[in-house]
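Visitor: What follows is a single structure, and I will ask about it in a moment.
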Amino acid sequence: MSSNRIVRDFRLAIYSHTRGGESLTHLYTSVVKSLYGNIIMKILGINGSPKKEKSQTRRLVMGVLEGARQSGAEVTFVDICGLDIKYCTGCGTCYATGECISDDDFAAILEKMLDADGIVWGSPNYINSVTAQVKTMFDRMADSIHCQSFAGKYGCSVSTAGGSMADEVADYMNSTMTNLGATSVGKVAILVGADPNAIVSGEKQAKELGRKLFEAIKTKWVDPVQEKQHVERREYFKRLVMYNKDLWKHEYDYWKRLAELQ
Ligand SMILES: Cc1cc2nc3c(=O)[nH]c(=O)nc-3n(C[C@H](O)[C@H](O)[C@H](O)COP(=O)(O)O)c2cc1C
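Here the working numbering is used: the first residue of the sequence shown is 9, the next is one more, and so on.
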């Protein structure tokens with residue numbers, strides 16, 4: 009990839025996901041497309057605050073996307089609180105078939121994450137954890153964790169809190185990211201309750217994180233610590249799936265196919 013070959017296309021990207029005939033286009037905010045020769049680096053930002061445009065966390069997610077966009081990535085923003093994502097029922101159908109029994113927006117958002125080179129997750133601290141909407145999305149990803157579906161991707165997380173534990177919330181999201189097989193490049197965690205200007209310095213940090221995410225993807229950055237964990241985790245999930253191979257047919261076939269490809 010060479011930065012002097014960037015061609016920016018400021019057209020709005022339109023996504024055509026539908027839910028029961030209703031267009032979901034409005035949930036997918038402005039996208040800027042950048043080309044490096046024929047390679048497009050795609051970065052997806054997801055905010056899990058229900059406060060939509062008023063969300064402080066959204067400002068951090070947007071900051072990361074802006075830093076990545078300025079570096080040359082194609083960026084997309086999604087508010088998951090506008091999506092219909094049902095609770096996981098723990099039925100195990102996804103392990104067996106690769107598909108969920110719930111017909112909702114989860115498949116579309118998972119597809120967008122799988123299509124991205126880089127992923128940004130944002131959540132405010134809600135009672136020392138992520139919001140229910142973010143957790144609901146994570147719970148639907150157990151099959152993706154078993155298959156290490158984010159292997160080769162990069163990600164980061166941002167969080168805001170009134171007074172405490174924004175750091176821990178961002179760390180939790182990053183641990184989910186790495187659990188899926190992706191490499192985390194860092195976090196921004198801001199306490200906004202007593203300092204209205206904190207978010208402004210947070211946005212600067214977020215832009216920097218966006219540039220870091222872009223560079224990590226571009227250079228295929230390897231963090232030796234996370235790399236060792238990736239290797240161990242892949243071995244663990246291969247063994248787990250093998251042990252459950254009669255029940256988890258889809259996951260067994262998936263790992264078998266990968267082994268055949270290597
Ligand atoms: C239901 C709820 C729970 C919250 N729990 C905490 C908390 O445990 N600790 C804290 O410091 N702030 C807490 N907050 C404050 C938010 O984390 C804070 O206002 C955050 O910046 C909101 O982000 P947003 O504007 O992106 O929604 C809570 C807010 C709400 C609405």
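Where is the CB? At the ideal position from N, CA and C, for every residue including glycine.
#1: How should Ser-79 be labelled, buried or exposed, when 16 other C-beta atoms within 10 angstroms of its C-beta is the threshold for buried?
#2: Spatial neighbours of Ala-159 within its chain, please: CB distance less than 6 Å, with the 5 preceding and 5 following residues excluded, ordered by chain position.
#3: Is there at least one non-hydrogen atom of ligand 1 closer than 6 Å to the beta-carbon of Tyr-95?
#4: Near Thr-101, which residues of its chain fall below 6 Å by C-beta distance, leaving aside the five closest residues on each side in sequence?
#5: If I'm right that Val-128 touches Cys-164 with Cβ under 8 Å, what's the distance once you round it to whole angstroms?
#6: Would you check if there are 3 or more beta carbon pairs closer than 8 Å linking the region 57-73 to the region 208-219?
#7: Could you spell out the range, first to last residue, of the beta strand (DSSP E) harbouring Gly-194?
#8: For the structure I just gave you, are there three or more beta carbon pairs, one from the region 140-156 and one from the region 226-237, closer than 8 Å?
#9: Suppose the cutoff is 8 Å on Cβ atoms and the five residues either side in sequence are ignored; what does the same chain contact list for Pro-58 look like?
#10: Output the residue ranges of the beta strand (DSSP E) runs that lie fully inside the region 118-151 and measure 3 residues or longer, sorted by chain position.
#11: Nearer than 6 Å: is that true of the beta carbon of Ala-169 relative to any heavy atom of ligand 1?
#12: How about Gly-210 and Gly-171: do their beta carbons lie closer than 7 Å?
#13: On the DSSP bridge assignment, give the partners of Asn-55 in chain order.
#14: Suppose the cutoff is 7 Å on Cβ atoms and the five residues either side in sequence are ignored; what does the same chain contact list for Lys-253 look like?
Guide: Here's the rundown:
#1: Here the question's residue 79 lines up with position 71 in the sequence shown. Its Cβ being crowded by 16 or more others within 10 Å, Ser-79 is buried.
#2: In the sequence shown, residue 159 corresponds to position 151, counting from 1. So the list reads Gly-189, once near-sequence residues are dropped.
#3: On the sequence shown, position 87 is the one that residue 95 refers to. Between ligand 1 and the CB of Tyr-95, the shortest heavy atom gap is not smaller than 6 Å.
#4: Here residue 101 refers to the residue found at position 93 of the sequence shown. Excluding the 5 residues flanking it on each side, Thr-101 has same chain C-beta neighbours closer than 6 Å at Ile-109, in chain order.
#5: Counting from 1 along the sequence shown, the entry for residue 128 is found at position 120. Counting from 1 along the sequence shown, the entry for residue 164 is found at position 156. Confirmed, Cβ separation roughly 6 Å.
#6: The answer is yes - the region 208-219 touches the region 57-73, with three or more Cβ pairs under 8 Å.
#7: Within the sequence shown, numbered from 1, the residue matching residue 194 stands at position 186. 191-199 is the extent of the beta strand (DSSP E) around Gly-194.
#8: Look at the beta carbons and you see the region 140-156 not touching the region 226-237: under three pairs across the two are nearer than 8 Å.
#9: If you number the sequence shown from 1, residue 58 lands on position 50. Around Pro-58: Cys-89, Thr-139 and Gln-141.
#10: For the region 118-151, whole beta strand (DSSP E) runs of length 3 or above, ordered along the chain, are 126-132.
#11: Within the sequence shown, the letter at position 161 stands for residue 169. Checking the 6 Å criterion, the Cβ of Ala-169 is within range of a heavy atom belonging to ligand 1.
#12: On the sequence shown, residue 210 is found 202 positions in, with the first residue counted as 1. On the sequence shown, residue 171 is found 163 positions in, with the first residue counted as 1. Not in contact: Gly-210 and Gly-171 (Cβ atoms no closer than 7 Å).
#13: Indexing the sequence shown from 1 puts residue 55 at position 47. Beta-bridge partners of Asn-55 (DSSP): Asp-87 and Gly-130.
#14: By 1-based counting over the sequence shown, the position of residue 253 is 245. Cβ-Cβ distances below 7 Å link Lys-253 to Tyr-260 in the same chain, with the five nearest sequence neighbours on each side left out; the list follows chain order.
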